[in-house]
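Chemist: Below you will find the structure I want to go over with you.
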Amino acid sequence: MNGLYVAIFALWNVYFLSNVCDYYVREKIKRDEKELAVKDKVQAGLKLVNELPCPLFLVSAEDFLSMPEEELRSLHEGLRPTGKLLTLDTMDEVVQLKKTSRILFFSYEWLSWSKVGPNKIQLLAMKAAALNVAKELQVPTSQIHIWIDILSIPQKHAGMKAMAVDSLYAFAHCADVMVIVAPDCWHEDTGVKADALSYSERVWTRVEQLAHCSQHGVASMFIQTAKTFCDLPDDWMETVCTVCDGNMTCCRNKHPKGCRCDKQTLVIPLLALYYNIYKQNLSGYPSDAAKFIWDLIQRKGKDQMFPPNINIAQDTGITEVQELFGDTINRIEKIVVGENADLVMPAISFTELIDAENDDCVVPAISFNQPVHCISCKL
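Here is the structure:
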């Protein structure tokens, strides 16, 4: 009889241990799958930043300054046959251009639901900004190329347009200078005042700023109003760094027919940003820009800058809680810690890369070491 009890007890132990082992194996598989998914997202984000998912289209500052408004309103497709659009297909081509020219990125908000691009006041401010940037960098306008959405993003081909919009992060990341164009004016349809404050509340403009700042810091970022060209206020990035707190058209329209929230499309590039910033700081050799962004993350909090979930209001009146970043930030940290720290090298900027490739390059390197003073301009 005792032998029977022993046999039953032994079988029960085998059964119990087998189930426990199966449970832990299943959980490990789940964890491995999640980690692999995070790695895939990070790799996709890094590819988005380090490669050009879509060609980079630029117009020379000289052509932009002399361009009639009618030609500007012909958009990307209208300018394409004129030969005034420079097309860069790879990051290597971007690096080559940077040996002789600077890339100026215009960031602004559209103020009409039916008309694309800048209004007359914004356009005048952009032309003033191009001249002010040339003055600040002490280079002729012939050595500046401009990225502006209605000329640099295809407007008619839906696929190309979508790819270009998805590449905004990469475009802003590789620009040498970003100018926030925010003169006081009014939205054509709502009559709401538009200025630097309204600009700062837009999600897309926040993404552009964070992308540029993570590579270059704030010293290459300026604000152009109707009267002045200035560097950013000290607390500017403190506000705009919380990208997902900004406003989006899809959210204002309450995601009709259950359409996806555009904030969800930002997860991959922002994960790549965090991976890069965290890895640099963990290595002990962060760039000044990476250290600046890391300090922002510490002050604002990871959940504020990379919220695990978001509330998505639907046009049906229902508000759903959906995952945004989930626990991917913590998983990224574990991935980075697990990587070989000896292989982490200090970040190399575009300028350093160009100098290393061509020591004889006569174009002066961009320097923003000196404080930028306010430059008055008349439009």
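Just so you know, the sequence shown maps onto residues 1 to 379 in the UniProt record's numbering. Ideal Cβ positions, reconstructed from N, Cα and C, are used throughout, including at glycine. Since the model is a prediction, treat every value here as computed from it, not as a measurement.
For D149, count neighbouring C-beta atoms within 10 Å of its own C-beta (all shown protein chains included) and say buried if the count is 16 or more, exposed if not.
Modeler: Indexing the sequence shown from 1 puts residue 149 at position 149. By the 10 Å Cβ count, D149 comes out buried.
Chemist: Just curious, the beta strand (DSSP E) that H145 is in, first and last residue?
Modeler: Taking the sequence shown and counting its residues from 1, the one referred to as residue 145 is at position 145. Element bounds for H145: I144 to W147.
Chemist: Buried or exposed: which applies to H157, given that a residue is buried once 16 or more other Cβ atoms fall within 10 Å of its Cβ?
Modeler: In the sequence shown, the residue the question calls residue 157 occupies position 157. With fewer than 16 other Cβ atoms within 10 Å, it is exposed.
Chemist: Output the boundary residues of the alpha helix (DSSP H) element that contains A289.
Modeler: The sequence position of residue 289 within the sequence shown is 289, counting from 1. A289 -> alpha helix (DSSP H) spans D288 to K300.
Chemist: What residue range is occupied by the uninterrupted beta strand (DSSP E) comprising A313?
Modeler: In the sequence shown, residue 313 corresponds to position 313, counting from 1. Here the beta strand (DSSP E) through A313 covers N309 to A313.
Chemist: Would you identify the three-state DSSP class for S74, choosing helix, strand or coil?
Modeler: In the sequence shown, residue 74 corresponds to position 74, counting from 1. In the structure shown, S74 sits in coil (DSSP, three-state: anything other than H, G, I, E or B).
Chemist: Drop a sphere of 10 angstroms on the beta-carbon of Y285, count the other beta-carbons inside from all chains shown, and report buried for 16 or more, exposed for fewer.
Modeler: For the purposes of this step, residue 285 is taken as residue 285 along the sequence shown, with counting starting at 1. Exposed, because fewer than 16 other Cβ atoms sit within 10 Å of the Cβ of Y285.
Chemist: At a cut of 8 Å, does the segment 48 to 62 reach the segment 84 to 94 through at least three beta carbon pairs?
Modeler: yes
Chemist: Express the C-alpha separation of G317 and N50 in angstroms, rounding to a whole number.
Modeler: Working through the sequence shown from its first residue, we reach residue 50 at position 50. Working through the sequence shown from its first residue, we reach residue 317 at position 317. Whole-angstrom Cα-Cα distance: 41 Å.
Chemist: Report back the beta-carbon spacing between F292 and G217 to the nearest angstrom; my notes put them in contact at under 8 Å.
Modeler: Residue 292 sits at position 292 when you count from the first residue of the sequence shown. Residue 217 sits at position 217 when you count from the first residue of the sequence shown. F292 to G217, Cβ: 5 Å. Contact.
Chemist: Nearest-angstrom Cα distance between P308 and L168?
Modeler: Here residue 308 corresponds to residue number 308 of the sequence shown, with the count starting at 1. Here residue 168 corresponds to residue number 168 of the sequence shown, with the count starting at 1. Computed Cα separation, rounded: 23 Å.
Chemist: For the segment 264 to 276 and the segment 222 to 241, state whether three or more C-beta atom pairs, one from each stretch, are separated by less than 8 Å.
Modeler: no
Chemist: With F64 and A130 assumed to form a contact (beta carbons below 8 Å), what rounded beta-carbon distance in angstroms separates them?
Modeler: For the purposes of this step, residue 64 is taken as the residue at position 64 of the sequence shown. For the purposes of this step, residue 130 is taken as the residue at position 130 of the sequence shown. Going by Cβ atoms, the distance from F64 to A130 rounds to 6 Å, so yes, they are a contact pair.
Chemist: Alpha carbons only, please: which of L282, Y274, C259 and I310 is nearest the one belonging to E323?
Modeler: Here residue 323 corresponds to residue number 323 of the sequence shown, with the count starting at 1. Checking every option, the nearest Cα to that of E323 belongs to I310.
Chemist: Could you tell me the alpha carbon to alpha carbon distance between D295 and Q304, rounded to whole angstroms?
Modeler: The residue given as residue 295 occupies position 295 in the sequence shown. The residue given as residue 304 occupies position 304 in the sequence shown. Rounded to whole angstroms, D295 to Q304 spans 14 Å at the Cα level.
Chemist: Buried or exposed, going by whether 16 or more other CB atoms sit within 10 Å of the CB of S66?
Modeler: Your numbering for residue 66 matches position 66 in the sequence shown. Classification of S66: exposed, given that the 10 Å Cβ count is below 16.
Chemist: Going by DSSP, what residues sit across from E320 in a beta bridge?
Modeler: Within the sequence shown, numbered from 1, the residue matching residue 320 stands at position 320. Within the DSSP secondary-structure output, E320 pairs in a beta bridge with I312.
Chemist: For E35, I'd like the list of residues in its chain whose CB is within less than 8 Å of its CB, leaving aside the five on either flank, ordered along the chain.
Modeler: Position 35 of the sequence shown, counted from the first residue, corresponds to residue 35. So the qualifying residues of the chain are R331, K334 and I335.
Chemist: Rounded to a whole number of angstroms, what is the C-alpha to C-alpha distance between L85 and S283?
Modeler: Against the sequence shown, residue 85 aligns to sequence position 85. Against the sequence shown, residue 283 aligns to sequence position 283. Rounded to whole angstroms, L85 to S283 spans 40 Å at the Cα level.
Chemist: Assuming contact is defined by CB atoms lying nearer than 7 Å, are A164 and I103 in contact in what I supplied?
Modeler: Along the sequence shown, one-based indexing puts residue 164 at 164. Along the sequence shown, one-based indexing puts residue 103 at 103. Pairing A164 with I103 gives a Cβ-Cβ distance that is not under 7 Å.
Chemist: Use the C-beta contact count for S220: other C-beta atoms within 10 angstroms, 16 or more gives buried, fewer gives exposed.
Modeler: Position 220 of the sequence shown, counted from the start, is the residue given in the question as residue 220. Classification of S220: buried, given that the 10 Å Cβ count is 16 or more.
Chemist: Just tell me which of Q298, S107, E136 and V337 has its CA closest to the CA of W204.
Modeler: Within the sequence shown, the letter at position 204 stands for residue 204. Of Q298, S107, E136 and V337, the residue nearest in Cα terms is S107.
Chemist: Tell me whether the beta-carbon of Y199 lies closer than 7 Å to the beta-carbon of E109.
Modeler: For the purposes of this step, residue 199 is taken as residue 199 along the sequence shown, with counting starting at 1. For the purposes of this step, residue 109 is taken as residue 109 along the sequence shown, with counting starting at 1. Yes.
Chemist: Have a look at T319, V337 and F306 and flag the residue whose alpha-carbon is nearest the alpha-carbon of G326.
Modeler: Within the sequence shown, residue 326 is the residue found at index 326, counting from 1. Taking only the C-alpha atoms, the option nearest G326 is F306.
Chemist: On the criterion of 16 or more Cβ atoms from any shown chain inside 10 Å, does Q280 qualify as buried, or is it exposed?
Modeler: For this step, residue 280 is matched to residue 280 along the sequence shown. Result: buried.
Chemist: I need the boundaries of the beta strand (DSSP E) containing M67, first residue and last residue.
Modeler: For the purposes of this step, residue 67 is taken as the residue at position 67 of the sequence shown. Taken as a continuous stretch (DSSP letters only), M67 belongs to no beta strand (DSSP E), as it is neither H nor E.
Chemist: For I223, which residues does DSSP report across the bridge?
Modeler: For the purposes of this step, residue 223 is identified with residue 223 of the sequence shown, where counting begins at 1. According to DSSP, I223 bridges with I180 and C230.
Chemist: Look at the alpha carbon of G159 and the alpha carbon of E188, and state the distance between them as a whole number of angstroms.
Modeler: Taking the sequence shown and counting its residues from 1, one reaches residue 159 at position 159. Taking the sequence shown and counting its residues from 1, one reaches residue 188 at position 188. If I take the Cα positions, the gap works out to 28 Å.
Chemist: If you count every other CB in all the chains shown that lies within 10 Å of the CB of K94, and 16 or more means buried, which is it?
Modeler: If you number the sequence shown from 1, residue 94 lands on position 94. Reading off the sequence, residue 94 comes out as Val, not Lys. Under this definition V94 is a buried residue.
Chemist: Whole angstroms are fine: how far does the CA of D245 sit from the CA of E201?
Modeler: The count along the sequence shown starts at 1 and reaches residue 201 at position 201. The count along the sequence shown starts at 1 and reaches residue 245 at position 245. Approximately 8 Å between the Cα atoms of the pair.
Chemist: Using the Cα positions of L111 and S74, report the straight-line distance between them to the nearest angstrom.
Modeler: What you label residue 111 is simply residue 111 of the sequence shown in a count that begins at 1. What you label residue 74 is simply residue 74 of the sequence shown in a count that begins at 1. Taking the straight line from one Cα to the other gives about 18 Å.
Chemist: Just curious, the alpha helix (DSSP H) that F171 is in, first and last residue?
Modeler: Along the sequence shown, read from residue 1 onward, the residue named residue 171 stands at position 171. Per DSSP, F171 belongs to the alpha helix (DSSP H) from L168 to C174.
Chemist: Taking the CB atoms as reference points, tell me whether S60 and H145 lie closer together than 7 Å.
Modeler: Stepping through the sequence shown from its first residue, residue 60 is reached at position 60. Stepping through the sequence shown from its first residue, residue 145 is reached at position 145. Yes, these two residues count as a Cβ contact at 7 Å.
Chemist: Whose C-beta lies closer than 8 Å to the C-beta of T319 among residues of the same chain, with five residues either side of it excluded?
Modeler: As a working mapping, residue 319 is identified with position 319 in the sequence shown. Once the five neighbours on either side are set aside, the close Cβ partners of T319 are N311, I312 and A313.
Chemist: How many angstroms separate the CA atom of A134 from the CA atom of K127?
Modeler: By 1-based counting over the sequence shown, the position of residue 134 is 134. By 1-based counting over the sequence shown, the position of residue 127 is 127. About 11 Å.
Chemist: Given a cut-off of 7 Å, decide if V42 and L232 are closer than it, judged by their beta-carbon atoms.
Modeler: If you number the sequence shown from 1, residue 232 lands on position 232. If you number the sequence shown from 1, residue 42 lands on position 42. Not a contact, by the Cβ cut-off of 7 Å.
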